[in-house]
Amino acid sequence: MNTTQRSESMNAFFDYFVDSTTTLQEFVMRYEKTVDSRYSKEKKENFESRYKSRILKLGSKMEHHGASVYTKNIFNIFQHELIKNSQFTRQKVKKTGSCYEYKVSSCFDTRDNFLVHLDLDSRAGNCSCCLFEFQGILCRHLLAIFHFKDIVEIPSQYILRRWTKEANKGCEIYKNGPSHEVDDEKSAALRSLHVCRLVNRLSHFAEKSEKIYKVIVGDLDQIYQKVSMMEAQAIGIIEKDCGSSQQLMSEVLSEAVESQSHYISLTTNIGDPHISQTKGRRNGSQKSQSGRFKSSLEIALTHTTVKRWSCQICGGYGHNKRSCKGMQNSTNMLSHNVE
Numbered sequence: 002m003n004t005t006q007r008s009e010s011m012n013a014f015f016d017y018f019v020d021s022t023t024t025l026q027e028f029v030m031r032y033e034k035t036v037d038s039r040y041s042k043e044k045k046e047n048f049e050s051r052y053k054s055r056i057l058k059l060g061s062k063m064e065h066h067g068a069s070v071y072t073k074n075i076f077n078i079f080q081h082e083l084i085k086n087s088q089f090t091r092q093k094v095k096k097t098g099s100c101y102e103y104k105v106s107s108c109f110d111t112r113d114n115f116l117v118h119l120d121l122d123s124r125a126g127n128c129s130c131c132l133f134e135f136q137g138i139l140c141r142h143l144l145a146i147f148h149f150k151d152i153v154e155i156p157s158q159y160i161l162r163r164w165t166k167e168a169n170k171g172c173e174i175y176k177n178g179p180s181h182e183v184d185d186e187k188s189a190a191l192r193s194l195h196v197c198r199l200v201n202r203l204s205h206f207a208e209k210s211e212k213i214y215k216v217i218v219g220d221l222d223q224i225y226q227k228v229s230m231m232e233a234q235a236i237g238i239i240e241k242d243c244g245s246s247q248q249l250m251s252e253v254l255s256e257a258v259e260s261q262s263h264y265i266s267l268t269t270n271i272g273d274p275h276i277s278q279t280k281g282r283r284n285g286s287q288k289s290q291s292g293r294f295k296s297s298l299e300i301a302l303t304h305t306t307v308k309r310w311s312c313q314i315c316g317g318y319g320h321n322k323r324s325c326k327g328m329q330n331s332t333n334m335l336s337h338n339v340e
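According to the numbering used here, the sequence shown is numbered sequentially starting from 2.
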């Protein structure tokens with residue numbers, strides 16, 4: 002996935018429940034509901050990937066292998082590439098030991114031809130179409146060479162964990178931890194990273210049920226108290242043979258519990274932030290309906306009274322000299338006198 006696709010997918014996700022009028026409190030509430038719906042959808046997809054059988058169109062061993070490791074959506078893409086590999090011809094370009102180079106061409110599309118490099122000993126290869134580098138799925142060109150060289154299963158280096166059924170079971174943890182041969186500064190960073198990975202794996206189990214969550218939190222509290230005592234002993238606050246060690250130990254633990262309860266006691270009700278003055282025009286009476294600033298002439302006209310036009314003949318309102326009844330009467334009298 003490239004940067005543009007990732008950005009557009011994130012925008013589409015947030016546009017579903019956020020707009021320009023959403024407050025911070027509404028955002029938090031809607032975000033929680035959206036995340037819950039995502040988890041529900043993920044569980045449904047996991048169930049279908051693990052317990053529903055796939056429709057195999059070829060019946061080959063590689064297709065069986067892909068159905069056993071890939072999720073439903075990824076297997077559909079892989080199956081499409083696997084079916085298409087039978088439409089290609091291969092032409093050997095060169096050979097160097099166990100390394101081969103083939104030109105793979107389509108029988109129906111003259112533009113669909115790429116170079117494939119394959120090391121038969123390590124079963125590692127690459128194609129100039131770069132589909133695996135872009136999507137993490139083997140392309141039809143490389144699969145055609147695998148079929149020609151009797152490679153009947155997907156090599157392990159081409160099975161990305163994020164496309165497998167076990168992708169959401171937490172990250173892999175190095176059991177031995179960081180090596181102690183590095184310097185102290187790097188070793189401290191590696192230890193911190195190792196602990197973060199362990200806690201991240203526990204957080205995956207915490208979302209399963211409330212019972213598991215309480216067990217994890219309880220054990221973490223005990224571990225926190227234990228390491229607080231060890232740290233206090235290391236810096237000389239607590240001494241084993243000192244009579245006041247229990248009192249000092251309780252003080253350290255009480256400080257740790259207070260600092261921890263300070264964060265736990267925070268309420269989840271989040272109000273709207275304070276609205277500060279920003280740049281731009283304010284909402285006032287000097288703005289027109291279209292939202293633009295009024296000119297001085299427009300402002301002057303709005304504050305003056307509307308002038309009523311009067312008739313030039315009789316001085317009345319509501320008509321002019323052409324429609325004035327007095328003018329019509331005088332004209333009729335003049336014509337009568339002439340007659």
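Beta carbons: idealized from backbone N, C-alpha and C, even for Gly.
Values in this document were obtained by computation on a predicted structure and should not be read as measured data.
Give the DSSP-derived three-state secondary structure of Phe294 in the structure shown. Counting from 1 along the sequence shown, the entry for residue 294 is found at position 293. Residue state, collapsed to three classes: strand.
If we ignore side chains and look at the alpha-carbon of each, how far apart do Tyr159 and Ala235 end up? To locate residue 159, count along the sequence shown from 1; it is residue 158. To locate residue 235, count along the sequence shown from 1; it is residue 234. Straight-line Cα distance between these residues: approximately 48 Å.
Please classify Ser157 as buried or exposed, where buried requires at least 16 other C-beta atoms within 10 Å of its C-beta. Locating residue 157 in the sequence shown gives position 156, counting from the first residue. Exposed, because fewer than 16 other Cβ atoms sit within 10 Å of the Cβ of Ser157.
Please list the terminal residues of the continuous alpha helix (DSSP H) segment that includes Phe89. Within the sequence shown, numbered from 1, the residue matching residue 89 stands at position 88. Segment 89-97 is the beta strand (DSSP E) holding Phe89; no alpha helix (DSSP H) there.
Is Met63 buried or exposed, if buried means 16 or more other CB atoms sit within 10 Å of its CB? Working through the sequence shown from its first residue, we reach residue 63 at position 62. Flag for Met63 reads buried.
DSSP three-state call for Ala125: helix, strand or coil? Walking along the sequence shown from the start, residue 125 turns up at place 124. Note: Ala125 maps to strand in three-state DSSP.
My guess is that Arg124 and Ile152 are in contact by the Cβ rule of under 8 Å, so how many angstroms apart are they, rounded? Translated into positions along the sequence shown, residue 124 becomes position 123. Translated into positions along the sequence shown, residue 152 becomes position 151. Contact holds; Cβ gap of about 6 Å.
Taking the C-alpha atoms as reference points, what is the distance between Leu194 and Tyr40? Residue mapping note: residue 194 aligns to position 193 of the sequence shown, counting from 1. Residue mapping note: residue 40 aligns to position 39 of the sequence shown, counting from 1. Straight-line Cα distance between these residues: approximately 26 Å.
Between the segment 65-83 and the segment 41-56, are three or more C-beta pairs nearer than 8 Å? yes
Does Tyr103 pass the burial test, meaning 16 or more other C-beta atoms within 10 Å, or should it be called exposed? Within the sequence shown, the letter at position 102 stands for residue 103. So Tyr103 counts as buried.
For a quick check, are the C-beta atoms of Ile138 and Phe79 less than 9 Å apart? On the sequence shown, position 137 is the one that residue 138 refers to. On the sequence shown, position 78 is the one that residue 79 refers to. In contact: Ile138 and Phe79 (Cβ atoms closer than 9 Å).
Could you give the residue range of the alpha helix (DSSP H) that holds Lys215? Looking up residue 215 in the sequence shown gives position 214. 211-235 is the span of the alpha helix (DSSP H), which, as asked, contains Lys215.
Cα-Cα, which of Leu143, Glu134, Ser107 is closest to His118? If you number the sequence shown from 1, residue 118 lands on position 117. Among Leu143, Glu134, Ser107, the Cα nearest to that of His118 belongs to Leu143.
What do you get for Tyr101, buried or exposed, if any count of 16 or more other CB atoms within 10 angstroms of its CB means buried? Your numbering for residue 101 matches position 100 in the sequence shown. Buried, since its Cβ has 16 or more Cβ neighbours within 10 Å.
Compare the C-alpha of Tyr32 against each of Lys42, Thr22, Thr24, Phe18 and name the closest. Numbered from its first residue, the sequence shown carries residue 32 at position 31. If we check each option's Cα against that of Tyr32, Phe18 comes out closest.
Residue range of the unbroken alpha helix (DSSP H) whose run includes Val105: Within the sequence shown, numbered from 1, the residue matching residue 105 stands at position 104. From DSSP, Val105 is part of no alpha helix (DSSP H) but of the beta strand (DSSP E) over 100-107.
Given this structure, state the Cα-to-Cα distance separating Ser296 from Thr303, to the nearest angstrom. Numbered from its first residue, the sequence shown carries residue 296 at position 295. Numbered from its first residue, the sequence shown carries residue 303 at position 302. One C-alpha to the other measures close to 11 Å.
If you run the structure through DSSP and keep just helix, strand and coil, what is His118? If you number the sequence shown from 1, residue 118 lands on position 117. Correct three-state label for His118: strand.
Opposite Tyr71 in the DSSP bridges: which residues? Working through the sequence shown from its first residue, we reach residue 71 at position 70. According to DSSP, which records beta bridges pairwise, Tyr71 is partnered with Thr165.
Determine, using beta carbons only, whether Phe149 and Cys140 come nearer to each other than 9 Å. Numbered from 1 along the sequence shown, position 148 holds the residue referred to as residue 149. Numbered from 1 along the sequence shown, position 139 holds the residue referred to as residue 140. Not closer than 9 Å, so no.
Assuming Leu116 contacts Ser99 under a Cβ cut-off of 8 Å, what Cβ separation, rounded to an integer in Å, is found between them? Translated into the one-based positions of the sequence shown, residue 116 becomes position 115. Translated into the one-based positions of the sequence shown, residue 99 becomes position 98. That pair is no contact at about 17 Å.
Residue span of the alpha helix (DSSP H) that contains Ile146, given as start and end: Locating residue 146 in the sequence shown gives position 145, where the first residue counts as 1. Ile146 -> alpha helix (DSSP H) spans 141-149.
Considering only residues of the same chain and omitting the five flanking positions on each side of Leu59, which have a CB-CB separation below 7 Å? Numbered from 1 along the sequence shown, position 58 holds the residue referred to as residue 59. For Leu59, where only same-chain residues beyond five positions count, the Cβ hits under 7 Å are Leu83, Ile84.
Which residues bound the alpha helix (DSSP H) around Gln26? Residue mapping note: residue 26 aligns to position 25 of the sequence shown, counting from 1. Its alpha helix (DSSP H) spans residues 25-52.
DSSP on Ser157, reduced to helix/strand/coil? For this step, residue 157 is matched to residue 156 along the sequence shown. The answer is helix: DSSP assigns Ser157 an H, G or I state.
State yes or no: is the beta carbon of Phe206 nearer than 9 Å to at least one beta carbon in chain C? Structure shown: chain C not included; a single protein chain is present.
Is it buried or exposed, Asn169, if we count other Cβ atoms within 10 angstroms and call 16 or more buried? Taking the sequence shown and counting its residues from 1, one reaches residue 169 at position 168. Label assigned to Asn169: exposed.
With which residues is Tyr318 paired in a DSSP beta bridge? Position 317 of the sequence shown, counted from the first residue, corresponds to residue 318. Bridge partners of Tyr318: Ser311.
So what does DSSP say about Thr303, is it helix, strand or coil? Along the sequence shown, read from residue 1 onward, the residue named residue 303 stands at position 302. Thr303 falls in the helix class under three-state DSSP.
Run through DSSP, which three-state label would Cys197 get? The residue given as residue 197 occupies position 196 in the sequence shown. In this structure, Cys197 counts as helix in the three-state DSSP scheme.
Determine the DSSP secondary structure at Arg323, reduced to helix, strand or coil. Along the sequence shown, one-based indexing puts residue 323 at 322. Note: Arg323 maps to coil in three-state DSSP.
Quick one: what's got a C-beta closer than 7 Å to Arg309's C-beta in the same chain, skipping five residues either side? Numbered from 1 along the sequence shown, position 308 holds the residue referred to as residue 309. Cβ neighbours of Arg309 beyond the five flanking positions: Tyr318.
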